[in-house]
Structures are given as C-alpha cells and as structure tokens.
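Asks: Chains as they are written, first to last, in UniProt numbering: chain A, 1 to 319; chain B, 1 to 648. For glycine and all other residues, C-beta sits at the position ideal for the given N, C-alpha and C. Have a look at this one before I ask anything.
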Amino acid sequence: MRIRTTLTVAAGASALALLTGCGAADMTKQASPFANARGAKTVTLSVQSWVGAQSNVAVAQYLLEHKLGYRVDTVQVDEVPAWDALSQGRVDALLEDWGHPDQEKRYVEDKKTIARGGDLGVTGHIGWFVPAYLAKQHPDITDWRNLNKYASLFRTPESGGKGQLMDGSPSYVTNDKALVKNLKLDYQVVFAGSEAAQITQMKQFAKEKKPFLTYWYSPQWLFQKVPMTEVKLPPYKEGCDADAAKVACSYPHTPLQKYLNADFAHSGGKAADFLKKFRWTTRDQNEVSLMIAEQKLSPQEAAGKWVDSHPDVWKKWLS
Amino acid sequence: MATLSLPASGTAKPRVLRSRAAGKLLLLALVAAVLAPWAATHWPGAAWPHALTVSLDKPLTTASDWVIDNRDSHPLFLYFFGHVSNAVVLAVRAVYLTLLAAGWAGVTAFGALLAWRVAGVRLAAGTAVAFLACGALGMWVPTMQTLALMVVAVLASVIVGALLGLAAGLSDRLDRALRPVLDTMQVLPAFAYLLPVVLVFGIGVPAAVLATVVYAAPPMARLTALGLRGADPEVLEAVESLGATRRQRLLTARIPLARKELLLGLNQTIMMALSMAVIAAVIGAGGLGDRVYQALASVDVGAALSAGIPLVLLAVVLDRVTAAAGNGTPADGRPRTIGWPYALAATVAVALATRLLGALDWPDGWTVGIAEPVNRAVDWMTGHLYSGVPVIGGTADWAGHFTTWVLDPVRDGLQWLPWWSVLLIVAALAWLIGTWRTALTAVLAMAAIGVLGVWEPSLDTLSQVLAAVAVTLVLGFATGVAAARSERVERALRPVLDVFQTMPQFVYLIPVVALFGVGRAPAVAAAVVYALPAVVRITAQGLRQVDPAALESARSLGATGRQQLWQVQLPLARRALLLAVNQGVVLVLAVVIIGGLVGGGALGYDVAFGLAQGDLATGLVAGAAIVCLGLMLDRVTQPTERRPKKGA
Numbered sequence: 001m002r003i004r005t006t007l008t009v010a011a012g013a014s015a016l017a018l019l020t021g022c023g024a025a026d027m028t029k030q031a032s033p034f035a036n037a038r039g040a041k042t043v044t045l046s047v048q049s050w051v052g053a054q055s056n057v058a059v060a061q062y063l064l065e066h067k068l069g070y071r072v073d074t075v076q077v078d079e080v081p082a083w084d085a086l087s088q089g090r091v092d093a094l095l096e097d098w099g100h101p102d103q104e105k106r107y108v109e110d111k112k113t114i115a116r117g118g119d120l121g122v123t124g125h126i127g128w129f130v131p132a133y134l135a136k137q138h139p140d141i142t143d144w145r146n147l148n149k150y151a152s153l154f155r156t157p158e159s160g161g162k163g164q165l166m167d168g169s170p171s172y173v174t175n176d177k178a179l180v181k182n183l184k185l186d187y188q189v190v191f192a193g194s195e196a197a198q199i200t201q202m203k204q205f206a207k208e209k210k211p212f213l214t215y216w217y218s219p220q221w222l223f224q225k226v227p228m229t230e231v232k233l234p235p236y237k238e239g240c241d242a243d244a245a246k247v248a249c250s251y252p253h254t255p256l257q258k259y260l261n262a263d264f265a266h267s268g269g270k271a272a273d274f275l276k277k278f279r280w281t282t283r284d285q286n287e288v289s290l291m292i293a294e295q296k297l298s299p300q301e302a303a304g305k306w307v308d309s310h311p312d313v314w315k316k317w318l319s
Numbered sequence: 001m002a003t004l005s006l007p008a009s010g011t012a013k014p015r016v017l018r019s020r021a022a023g024k025l026l027l028l029a030l031v032a033a034v035l036a037p038w039a040a041t042h043w044p045g046a047a048w049p050h051a052l053t054v055s056l057d058k059p060l061t062t063a064s065d066w067v068i069d070n071r072d073s074h075p076l077f078l079y080f081f082g083h084v085s086n087a088v089v090l091a092v093r094a095v096y097l098t099l100l101a102a103g104w105a106g107v108t109a110f111g112a113l114l115a116w117r118v119a120g121v122r123l124a125a126g127t128a129v130a131f132l133a134c135g136a137l138g139m140w141v142p143t144m145q146t147l148a149l150m151v152v153a154v155l156a157s158v159i160v161g162a163l164l165g166l167a168a169g170l171s172d173r174l175d176r177a178l179r180p181v182l183d184t185m186q187v188l189p190a191f192a193y194l195l196p197v198v199l200v201f202g203i204g205v206p207a208a209v210l211a212t213v214v215y216a217a218p219p220m221a222r223l224t225a226l227g228l229r230g231a232d233p234e235v236l237e238a239v240e241s242l243g244a245t246r247r248q249r250l251l252t253a254r255i256p257l258a259r260k261e262l263l264l265g266l267n268q269t270i271m272m273a274l275s276m277a278v279i280a281a282v283i284g285a286g287g288l289g290d291r292v293y294q295a296l297a298s299v300d301v302g303a304a305l306s307a308g309i310p311l312v313l314l315a316v317v318l319d320r321v322t323a324a325a326g327n328g329t330p331a332d333g334r335p336r337t338i339g340w341p342y343a344l345a346a347t348v349a350v351a352l353a354t355r356l357l358g359a360l361d362w363p364d365g366w367t368v369g370i371a372e373p374v375n376r377a378v379d380w381m382t383g384h385l386y387s388g389v390p391v392i393g394g395t396a397d398w399a400g401h402f403t404t405w406v407l408d409p410v411r412d413g414l415q416w417l418p419w420w421s422v423l424l425i426v427a428a429l430a431w432l433i434g435t436w437r438t439a440l441t442a443v444l445a446m447a448a449i450g451v452l453g454v455w456e457p458s459l460d461t462l463s464q465v466l467a468a469v470a471v472t473l474v475l476g477f478a479t480g481v482a483a484a485r486s487e488r489v490e491r492a493l494r495p496v497l498d499v500f501q502t503m504p505q506f507v508y509l510i511p512v513v514a515l516f517g518v519g520r521a522p523a524v525a526a527a528v529v530y531a532l533p534a535v536v537r538i539t540a541q542g543l544r545q546v547d548p549a550a551l552e553s554a555r556s557l558g559a560t561g562r563q564q565l566w567q568v569q570l571p572l573a574r575r576a577l578l579l580a581v582n583q584g585v586v587l588v589l590a591v592v593i594i595g596g597l598v599g600g601g602a603l604g605y606d607v608a609f610g611l612a613q614g615d616l617a618t619g620l621v622a623g624a625a626i627v628c629l630g631l632m633l634d635r636v637t638q639p640t641e642r643r644p645k646k647g648a
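This is the structure in structure tokens:
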C-alpha cells in the first residue's frame, strides 16, 4: 500500500511538473521542499550563526511547536542571504537583524516582498573590547588614542609586527579595516573567519590572562564568562558611517528588528501573529544563550527551561 | 611541494630524457632572457602590474543586482530557471515524503534488504546498524533530508554523467572536447561551485542540488566514457560479425562490458554528492550538513559530531554497498540472497506494521546524547595541550612557530618574487613533469589570476597549499611505505583511512581551532589531515604493485631492505608517487580554501565573505581565482603518463 501511495506521490509530482511546464514558474514563490511535510503546518525560521539568534529561534520554535502545534524547520543562513531567502519565501522569518538599509530599501520598500515584524526588544551594540583584567592593569588602554602605545602587547604571528585586532565572521557588520586606517592605528585586522573560531581564541587568551583586542558585540553570552571592557572610539553621530571608506567613528546602538516574508505576514495565521508579538529583553536572551553555549544544553532544552520559568513573558505573545 | 617529485625522475631516466629536460630548461631560459628585462622595465615591482588587471567588480555587481531585481519577472527566469528550480523542489519533496511515509523502520528495512540483495549479509547488517545509529543520535529527520537531497542529486548526476559519457564514448571529437573539461572539474574545490548557482537561484535547496549535480556528474561521465572505450575489441568484432546493428552492439555488448566502470562511476558520484551535500549547507541545503554548520557556529564539537557520525556512516555504507555491487557478486554463481519482489514486499510489510503501531517517527526516548561527553573530552584536550606543556611546548606554540618559520617565509618569498618569474617557475615545473600543453595551461591560469586582480591573496593561498602539501607528503610517504612493507600496519590503518576519507571537511575545522588557535596554521593542519589518507593509500598501493620479479631479483643480488626500497620500489612506483602528489595538491587546496572559515584568510575568506555578505562580485572573482589556482596546481603536478595517448 505504502509503495503504491509512494508511486502515486511520485506520479503526481511528475504530472505536476509537466503541468507547470506549460506556464511560467516563479521561483521566488517556492517554499522549501521540506516544509509542510505530511500535512503539518510548518514555519521555516532562519538562524544566524551567533548564539543570540539561536536563542530567539529556539524559544520561538519551542512555543510554536508545543503551544501552537506547528512544525518548525530551521535553516542556517547569514543575514544578507537571509534577506534574499526571506523575499523568495524560502524562509518565513528573520528574527534578529542588525540593520541593513540597502536590503530594507530593496525588499521592503521597492519590491514589497518582505514585511517589517517589529522590534525584537533587544538593543545591539558593536564595539572594540579588551578583557577586564587588561583594562585593570592599564586603565588608559580603553581610549583609542592610547591604543598605539600598547600595540606591541597585541602582537601575534598572524598580525606581522603590528597589534592584532581580532574580527569574527565575514558575515558580520564591520568597519574595522577603515577604522584602523582612518584612525591611523598600528594594528592589523585579523579575521577569525567564524564566530566559533573567534570565541575559541578569546577563551584561550582569557584562560592565560593574555592581552587581546577584539571586535565584539552585545548582547553576547561570552561577557558572562570573559568580562570585557569597551574601548572608546570617537563617538557615533548620525551619518558618520555613511561612506564606508571614510568611517572614523564608533558603531551605533541598534534596536534589533524582526522581518517576515510578506505573504507569510499576511496569511501566516497564528504563527505570523505570534512572531510579530515576539519581544523580549537582553536579559532573557542572554539567559537562554548561556544555557546553550556554556551549559551545552540543546537549544530546545534551553528554550524549554526558559519557557517553564517565564510564563508571564511569553503568555502575552500568544494572546 | 611540487619539486619533491623531481629527484625520483632524475635517477631513473636515461640520458636522452635528461638532456631533453635540459633542452626545455634552456629554451625557457632563453625566453626568460628576452622577455624578463622587458617586463621588468615596463612594469617594475614584484606584484602583478596594475595596468594588466581587469576589474570585474562593476559588471558582476550589476549582474547580481539585475538577477535579484528580475528574478520574479524576466522570462528567462519564469520559463527556464523557474522550472528547473520547481522540478528540483518537487522531486526532493516527493522523495522526502516517501521516506517519511516509510517511517524509520521501513527505510531501515529497505536499506538493509537492498544491501543484502547486492552485497551480502554482512553489509546488510552494517546498513541496518548505520540507519539505527542515525536515529539513536537524534538525527533521523535531518538524515532523511540529506538522503532526499542526495537521491535527487545522484539520479540527476548519473543521468547527466551517463549521457555525457555515452557521447564521449561514442564520438572521438566529443571525447577530445569533453575530457579536459571533466578533468578540470574534478580538481576544483567544492567551494568554488557554490557562488554561481547562488547567483541564479538564491539560497536554498535548488541551488544546493544543482551545485551537487555539477560537482558529482564528472566522475560518472569520465568512467562511462572510459568503460565504453575500453571494451575488448575482439568481443566487439565478434558481435559485429553476428550482424548486430550499431544500437544492438551498444546495448548488448559495449554497455554490459562497461558494467564495472559504470558502477565505479556510480560509487564515485555518490561519494562526491555526499561531500558536496554537506558543504552546500552554506547555501541552505538543510539536513545533516546544516546541523554540522550550526553546531560549529557555537563551537559545539559534540553536536557537530552527532551530525557528523551519521554522515560518516552513510558514506561508509553507500561506499561499501556500491563497491560490492561493482564487483558483481550475485551474478557470479553465488546463490541469490533474496529476490526483488520479496525485498519490496518485506519493506512494505515493515512500513505498514510501524504505521499501524503509530511509530513512524523515531521514538523520542531512544536517543543517546553524545554531545556532552565529547565536549568534555575536547575541553580537557584544549585545557591541557594548548600551551605551556613542559619541554615540547603546547600546540598553540607549535602553530605559532609554524606560522612564523614556515608560512610567513614562504608567503613573503612568493610575494617577493617578481610576477614574471612566478610565471616562469610555473612553466618550468609543468613542462618538466608534463608536456608543453600542460605548461601552457598552467601559465595561462596563473596569468589569469593576475588579470583578475587577486595576485596577492592567491599567492597567500598558494603558500598555504605548498606548506600543507610538503607536510602531507612527508607524513604520507612515510606512512605509505610503512603500510606497504607490513601487512599489520596496513590492516590497522585501513579503517582509520576509511573514516578519515569520508568525514565531511567541515568537521575537521573545529578541533584544529581548539588545538591550534585561529589563523593559517589550523587551516593547514586541517588540510593535511584531510589529504593524508589519499596520499598514504596511493603510495602504499603503488609500492605494493611494483613487479615482484624486480624485487626478487634485487633480493637475489643481496640488496638490503633499505636498498630495495630506495633503488627498486620507489623508482618503479614513480607514477603512483606522482599521482599521490597530484591528489595531495588537489585535496589540500580544497580544504585550505574552506580554512578561510577559521582564519586562513586569502581566497577562501573572500568566497566566504562573498556568500555571507551577498557580495557576489568579491566572491565570484575569488572563486574564479580558486579555479585558476586549482587548474595551475593540477597541471604543474600532472605527469605525462596520465594521458598516454594525447589527442588520439
């Protein structure tokens, strides 16, 4: 019987392929082949590579599955490609965006394939950080003007005679190369290549109390493990980062945003409503992140624990 | 390094050849004497002259913007790419639903029965255990997603590959045109294939499947052509004399005779599709690869392994079963194990039984978490080996020294060399080892890198490749010699090599970061580990295939074991050794590129950056440079013998 059903499915699929073969096929309207399997209502969420984003998705997934009866697929996509995937409907939601004005203009305003999903409730900030033990040793190191004085402290084999400024994943928003050049710093930006690699490296440095200077961002769970102090860069003013090559100011504080596929936002039913209402605090997010990254709980276990202990927060999202 | 292959050639070659080599060098020196001063005065400086570069940033960005803006309206997309994409989605979905409908018991039963039918009881048991392990690790659904994607990609690859192979096998002209293309496609790192498909299809399963097909079809095509061409001419003549038409000859003689090659092609296609399906997680393939990718993002080696182990098991099972099918056991007199109808009936019965019991999904209580103990072990390792180990120093110190004393000098040396002298060295090496054609291709590829304006990062990547290949060859030749000389070593090594050869390249990255920190050294380390098994294998095989008569006579002349090795075995195995070098270079390049994800920088980082930031111009240029670099490295290390009848 099963086989016959199978054959029917296969035959149906090929028949459908033949049928659609006569007309136009808009590939921007194709969902993931793994979505809605066996009649389940499915939501596809995009996950970004940092743990904070995983926490958002884990909690959303837990509530969608356990309270609303959806089946959730997650796909790991970096932010910029996620915009494209979102516009094509291959994922339904992006829960944490750090500000991409170009994409916003193209997809939200011009093409109208993506709809805004509101604030996540968390404010993100990027900056340069040194470990707290180093700031204690050299209190004046937290001003960018003194960085050159200490460049020799940060020298590594990879930085070739200059100080090392560690950057993370290529997918993150960064002006560091321009900053080093425009502030005339004796530093070399070394890209760890992924956040995983960067965290491993920072933990190693911290364990031996070695000095390091790194691109980092909050909210981030690692601050609980490796306390760090921000290095003051020239203050941020509206528009001072407009020309990427001439940036000479620090990074802004960004209220993180949610975005939904326009069709999904319109006809996604309960799931879409829930994702629009999803809004929590930096502390909540860090709590889940820490469980995932440090206690090595699976995201679902971590989300379950959080959900059990914070009903007052999430009850509002379901109403 | 490529030069390592040269000493062997000097001892064995007769004088004529050596003088021919000298002639080649002399000619090149002449060319250099004429052109170098002119180039040096015209464009002084070591780096590729800016006047000779072509910037593709603008057109590529425009193209990428155009694609995004027109993807939902332009007829090309609506009536062609849209249907391709649609067909892929539907096919993958159909397979996925089928697998889910069969349930875990059904799939396991079918896999085991299939293995039993083609490969015997032991592999059947192995297959069942592998599937159950996937479920036990909590990876059933991702495994099915990967499997669905694989089934579609492999089918498409086999069809495309077989058609191309058929054409190349029947027509000499097509063969000549296709062969260099296929050869080249096989040496390119998987990473380079991702960007063009993303440009057209965007992130998602269609792009992943198409990249997989492009990557996995060439071996099928090559081996099909090889099988058709290698058919015994006497048999063909006999068939012809019986008055068979051309079509009958093809269907009844040539294709059946090529069975072994066809199945070998299937085997290779499956293995390549699997490795690509994992890497394609970067462009949204989903499934097991995505789990590995997600776990790596949070430095979770344990979780990465829980997804990596099913991948390895799948790989080993698929490899063994298709290999056994290639050896043609059932037809050759062994009793038939189980007929197709029975196998299918049993599968349906099992699937229905589980369905009636309502246990289609893998039961929640049956999963084993391995992530935690693995992570504890990794923590211990990094805690105790990283640095400050007395006497030998920690792994991080080694990495630092390797970077300062090996990688930096090699890179600085390469970047210090004037660009025209790099071209000359490439030409000289390629010509000495291969023919003037390979030399020409190599030089043109290298020049193309300069023209693309990525000379410096390419040399950076090249320096990492050279260092990694040198380490790989030293370790690989030593292990290979040991394995060739001792049965016991060989037996002990075999399972290790099997596993290491099938592990997804991604999984290597995190432990090396834990051990060596961030930078070029861990990238090189991962590349060495990845390339080592192939080099060991080819070396050991080459040494063992040395004519026993030659060895016997050497022994009777009273040669010691060492003398036998150096004066008989190694020179006679020269071809295998060169092949090992060639394979080593190709594999190392593939992983050095992925090393861009752990601080390897250079071209790999540019590709990752292009994918991550949607900056296709940067990514595509870097991808093209990788292609050129792969082409150059392959041609430089390509021995003449690989294509004995050139142009025949």
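What are the uninterrupted segments assigned as alpha helix (DSSP H) that are 4 or more residues long and contained completely in the stretch 101–167 of chain A, given in chain order?
Replies: Runs found: 132–137.
Asks: Express the C-alpha separation of L305(B) and G400(B) in angstroms, rounding to a whole number.
Replies: The alpha-carbon atoms of G400(B) and L305(B) are separated by roughly 27 Å.
Asks: Does D92(A) get closer than 8 Å to chain B when you measure Cβ to Cβ?
Replies: Taking Cβ atoms only, chain B never reaches closer than 8 Å to D92(A), which makes this a no.
Asks: Pick out the complete alpha helix (DSSP H) segments inside the stretch 385–443 of chain B, 4 residues or longer, and give them in chain order.
Replies: Fully enclosed alpha helix (DSSP H) runs of 4 or longer: 395–402, 408–416, 419–433.
Asks: Determine the direct distance from the alpha carbon of E238(A) to that of A534(B), and round the result to whole angstroms.
Replies: Distance between the alpha carbons of A534(B) and E238(A) is about 56 Å.
Asks: Are three or more beta carbon pairs between the stretch 187–205 of chain B and the stretch 231–242 of chain B nearer than 8 Å?
Replies: Touching, no.
Asks: With C-beta atoms as the reference, is L603(B) less than 8 Å away from A590(B)?
Replies: No, they are not a contact pair.
Asks: Look at the alpha carbon of H50(B) and the alpha carbon of V75(A), and state the distance between them as a whole number of angstroms.
Replies: Those two C-alpha atoms are separated by around 42 Å.
Asks: Drop a sphere of 10 angstroms on the beta-carbon of T269(B), count the other beta-carbons inside from all chains shown, and report buried for 16 or more, exposed for fewer.
Replies: Buried: at least 16 other Cβ atoms inside 10 Å.
Asks: Compare the C-alpha of D119(A) against each of Q295(A), L256(A), H310(A) and name the closest.
Replies: The residue with the shortest Cα to Cα distance from D119(A) is L256(A).
Asks: Once you ignore the five residues that flank V465(B) on each side, which residues in its own chain have a CB closer than 6 Å to its CB?
Replies: Excluding residues within five positions, the ones whose Cβ falls inside 6 Å are V588, L589, V592.
Asks: Express the C-alpha separation of Q567(B) and D615(B) in angstroms, rounding to a whole number.
Replies: Taking the straight line from one Cα to the other gives about 54 Å.
Asks: How is the beta strand (DSSP E) around G73(A) delimited, first residue to last?
Replies: Strictly speaking, residue 73(A) in this sequence is Asp, with Gly absent from that position. D73(A) -> beta strand (DSSP E) spans 71–76.
Asks: Specify the secondary structure class of A351(B) as computed by DSSP and reduced to three states.
Replies: Looking at A351(B) - three-state DSSP - the assignment turns out to be helix.
Asks: R117(B) CB to nearest chain A CB: under 8 Å?
Replies: Chain A contact via Cβ: absent.
Asks: Per the contact definition of three or more C-beta pairs closer than 8 Å, is the stretch 212–225 of chain B in contact with the stretch 156–173 of chain B?
Replies: Short answer: they touch.
Asks: So Q613(B) contacts chain A; which residues on that side make the cut at Cβ distance below 8 Å?
Replies: Those are D78, V80, P170, S171, listed as they occur along chain A.
Asks: Per DSSP, Q145(B) is paired with what?
Replies: Paired residues: none, contrary to the question.
Asks: Any beta-carbon of chain A closer than 8 Å to the one on Q145(B)?
Replies: Interface residue, yes.
Asks: Helix, strand or coil for K209(A)? Go by DSSP, reduced to three states.
Replies: Note: K209(A) maps to coil in three-state DSSP.
Asks: Please return the same chain residues whose Cβ sits closer than 6 Å to the Cβ of M291(A), not counting the five positions on each side in sequence.
Replies: Cβ within range, chain order: L297, A302.
Asks: When you compare the CB positions of E261(B) and G227(B), do they come within less than 8 Å of one another, or not?
Replies: Their beta carbons are under 8 Å apart, which means E261(B) touches G227(B) by this criterion.
Asks: For Q563(B) and V317(B), what's the separation of their Cα atoms in angstroms?
Replies: Their Cα atoms are separated by approximately 41 Å.
Asks: Check whether the Cβ of Y193(B) lies closer than 8 Å to any Cβ atom in chain A.
Replies: Chain A contact via Cβ: absent.
Asks: At 7 Å on the CB atoms, spell out the chain B contacts of K41(A), in chain order.
Replies: None at all; the shortest Cβ gap to chain B is about 16 Å.
Asks: Here's the rule I'm using: 16 or more other beta-carbon atoms within 10 Å means buried, otherwise exposed. How should F81(B) be labelled?
Replies: When all chains shown are included, F81(B) counts as buried.
Asks: Name the two residues that bound the continuous alpha helix (DSSP H) containing L616(B).
Replies: Where L616(B) is concerned, the enclosing alpha helix (DSSP H) stretches over 616–636.
Asks: Quick one: list the residues of chain B neighbouring D84(A), beta-carbon separation under 8 Å, in chain order.
Replies: Within 8 Å Cβ-Cβ: I68, G202, I203, G614.
Asks: I need the boundaries of the alpha helix (DSSP H) containing L57(B), first residue and last residue.
Replies: This sequence places Asp at residue 57(B); Leu is not what is there. Counting along the chain, the alpha helix (DSSP H) containing D57(B) begins and ends at 57–70.
Asks: Would you call the stretch 508–519 of chain B in contact with the stretch 569–576 of chain B, where contact means no fewer than 3 C-beta pairs closer than 8 Å?
Replies: Too few Cβ pairs lie closer than 8 Å, so no.
Asks: Run through DSSP, which three-state label would F191(A) get?
Replies: F191(A): strand per DSSP, three-state reduction.
Asks: Considering only residues of the same chain and omitting the five flanking positions on each side of L7(A), which have a CB-CB separation below 8 Å?
Replies: Because the pLDDT of L7(A) is 49, which lies under 50, any placement of that residue in the model is unreliable, and the number read from its coordinates should be weighed accordingly. Same-chain partners within the cutoff: there are none.
Asks: Output yes if chain A places a C-beta closer than 8 Å to the C-beta of A331(B); else output no.
Replies: Any reading at A331(B) must be qualified, since the residue scores a pLDDT of 45, below 50, and its modelled position is unreliable; no value is offered.
Asks: Look up V89(B) in the DSSP assignment and say whether it is helix, strand or coil.
Replies: It is helical.
Asks: Quick check: what's the CA-CA separation for Q198(A) versus V190(A)?
Replies: If you take the alpha carbons of Q198(A) and V190(A), they lie about 10 Å apart.
Asks: What are the residues in the stretch 177–200 of chain A lying within 9 Å of chain B by C-beta distance?
Replies: The stretch 177–200 of chain A vs chain B, Cβ under 9 Å: V190, F191, A192, G193, S194, E195, A196, A197, Q198, I199, T200.
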